[in-house]
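See structure below.
Chains as they are written, first to last, in our numbering: chain F, 1 to 166; chain P, 167 to 323.
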């Protein structure tokens, strides 16, 4: 009787131990899969962000083309962007975004860009004057033609492109 | 008899524990660590834009055309001048300080913990700017110009 009871107890312990073991292995496998999913989601989001920013900065409405020498990626023509601001109503649903903002990284400039303050201004808000909600950003090259004593030259600078996605 | 069964159970439990430990170790080792210095599109776009940034250093004695950072770096590597007596390296240092301070906020209270910006000429650092305490989680990018001038930006999160 005692021997049979011991055998049953032994089997029960073995089953419990096996269940715990496989549960642990299952949990680890699940955790790994979930962390991979999260990483994949983050990578996809980053990729989506870069595609959207690239789409904007390389669209003909903004892109420098070959106006400033070599073809540059992520180069925005400041003059074009300023002209586009005056026609913002035509583009309000064109890119499927709320607003586009270009911020110059020159700390001596503070003004919002308007036809009166251009080009000595810092923030150019294109589709609307409001920036609310979530935005994504990247660095761009912002170029325009300037002149010194009547001699024209290319003035390019690093700037930030912000896209308001909400 | 009872003692034999107890020994059997102890042995079995020991095997289960050992297999579990081996499994955990194997799983943790098989999960690839986040690679250091993964490519960063942000750093790539930053470097691309920095190279084309127009400085106030004239190509000639004064007035336009003005040098871009990639040209000024070349002159700095040759120990040349921006607008004499200001050396190209002094001017480059000042411009890059301004750009980096306005571009990145690094520190323990920010998502970006530190960054390092490097310009190497033939393997030797002509500009080395490092802000914050570096971590093991880094992303970065590099731009190699034809004249043995390399630009590096590493962002530490």
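In this text, a Cβ means the ideal position worked out from N, Cα and C, and glycines have one as well.
This structure is a prediction, so every number in the text was calculated from the model and none was measured.
Going by beta-carbon coordinates alone, are residue i and residue j separated by less than 8 Å?
| i | j | result |
| --- | --- | --- |
| residue 315(P) | residue 243(P) | yes |
| residue 136(F) | residue 163(F) | yes |
| residue 265(P) | residue 158(F) | yes |
| residue 62(F) | residue 79(F) | no |
| residue 102(F) | residue 127(F) | no |
| residue 24(F) | residue 186(P) | yes |
| residue 249(P) | residue 269(P) | no |
| residue 97(F) | residue 161(F) | no |
| residue 261(P) | residue 221(P) | yes |
| residue 283(P) | residue 319(P) | yes |
| residue 305(P) | residue 211(P) | no |
| residue 119(F) | residue 144(F) | yes |
| residue 51(F) | residue 99(F) | no |
| residue 182(P) | residue 17(F) | yes |
| residue 148(F) | residue 230(P) | yes |
Quick check: what's the CA-CA separation for residue i versus residue j?
| i | j | result |
| --- | --- | --- |
| residue 125(F) | residue 155(F) | 20 Å |
| residue 274(P) | residue 280(P) | 8 Å |
| residue 172(P) | residue 31(F) | 35 Å |
| residue 257(P) | residue 295(P) | 14 Å |
| residue 113(F) | residue 317(P) | 32 Å |
| residue 215(P) | residue 209(P) | 10 Å |
| residue 42(F) | residue 35(F) | 11 Å |
| residue 217(P) | residue 123(F) | 22 Å |
| residue 74(F) | residue 207(P) | 12 Å |
| residue 88(F) | residue 60(F) | 15 Å |
| residue 20(F) | residue 7(F) | 20 Å |
| residue 94(F) | residue 86(F) | 15 Å |
| residue 278(P) | residue 241(P) | 32 Å |
So for residue i, helix, strand or coil by DSSP?
| i | result |
| --- | --- |
| residue 264(P) | helix |
| residue 127(F) | coil |
| residue 240(P) | helix |
| residue 52(F) | helix |
| residue 43(F) | helix |
| residue 175(P) | helix |
| residue 161(P) | Because chain P is modelled from 167 through 323, residue 161(P) falls outside the range shown and cannot be assessed. |
| residue 222(P) | strand |
| residue 232(P) | strand |
| residue 298(P) | strand |
| residue 143(F) | strand |
| residue 307(P) | strand |
| residue 276(P) | coil |
| residue 153(F) | strand |
Our contact map puts residue i next to residue j with C-beta atoms below 8 Å; I'd like the distance itself, whole angstroms only.
| i | j | result |
| --- | --- | --- |
| residue 322(P) | residue 153(F) | Rounded, the Cβ-Cβ distance is 37 Å, inconsistent with contact. |
| residue 53(F) | residue 138(F) | 5 Å |
| residue 223(P) | residue 238(P) | 6 Å |
Could you tell me whether any Cβ in chain B is nearer than 8 Å to the Cβ of residue i?
| i | result |
| --- | --- |
| residue 6(F) | No chain B is present in this structure, whose protein chains are F and P. |
Any heavy atom of the ligand ATP closer than 7 Å to the CB of residue i?
| i | result |
| --- | --- |
| residue 266(P) | Ligands are entirely absent from the displayed structure, and the ligand ATP is therefore not among its contents. |
Exercise for review: Please list the residues of the segment 203-228 of chain P that have a C-beta atom closer than 8 Å to any C-beta atom in chain F, keeping them in chain order.
Suggested key: Only 207, 208, 211, 212, 214, 215, 216, 218, 219, 220 from the segment 203-228 of chain P bring a Cβ to less than 8 Å from some Cβ of chain F.
Could you run through the segment 88-115 of chain F and flag, in chain order, every residue whose CB is less than 7 Å away from some CB of chain P? Contact annotation: in the segment 88-115 of chain F, residues whose CB is within less than 7 Å of a CB in chain P are 105, 107.
When Cβ atoms are compared, which residues of the segment 250-266 of chain P fall closer than 9 Å to chain F? Using a CB distance below 9 Å, the part of the segment 250-266 of chain P facing chain F consists of 264, 265, ordered along the chain.
Along the segment 265-294 of chain P, where does the CB come closer than 9 Å to a CB of chain F? Name the residues. Those residues of the segment 265-294 of chain P that come within reach of chain F (Cβ to Cβ, closer than 9 Å) are 265, 267, 268, 269.
Between the segment 128-159 of chain F and chain P, which residues of the former have CB atoms less than 9 Å from a CB of the latter, in chain order?
For the segment 128-159 of chain F, the beta-carbon criterion of a distance under 9 Å to any beta-carbon of chain P is satisfied by 137, 138, 139, 140, 141, 142, 143, 146, 147, 148, 149, 151, 152, 153, 154, 155, 156, 157, 158, 159.
Report task. Could you name the residues of the segment 58-89 of chain F whose beta carbon sits closer than 7 Å to any beta carbon of chain P, in the order they occur along the chain? Result -> Answer in chain order: 72, 73, 74.
Checklist line | Under 8 Å (Cβ pairs) to chain F, residues found in the segment 171-187 of chain P | finding: The residues in question are 171, 174, 175, 178, 179, 182, 185, 186.
| message | Output needed in chain order: residues of the segment 14-27 of chain F with a Cβ under 9 Å from some Cβ in chain P. | response | Sequence-ordered contacts of the segment 14-27 of chain F with chain P read 14, 17, 18, 20, 21, 24, 25 [C-beta pairs closer than 9 Å].
Listed from N- to C-terminal order along the chain, which residues in the segment 39-52 of chain F have their beta-carbon within a distance smaller than 9 Å of any beta-carbon of chain P?
-> Of all residues in the segment 39-52 of chain F, the ones placed with a Cβ closer than 9 Å to any Cβ belonging to chain P are 39, 46, 47, 49, 50, in chain order.
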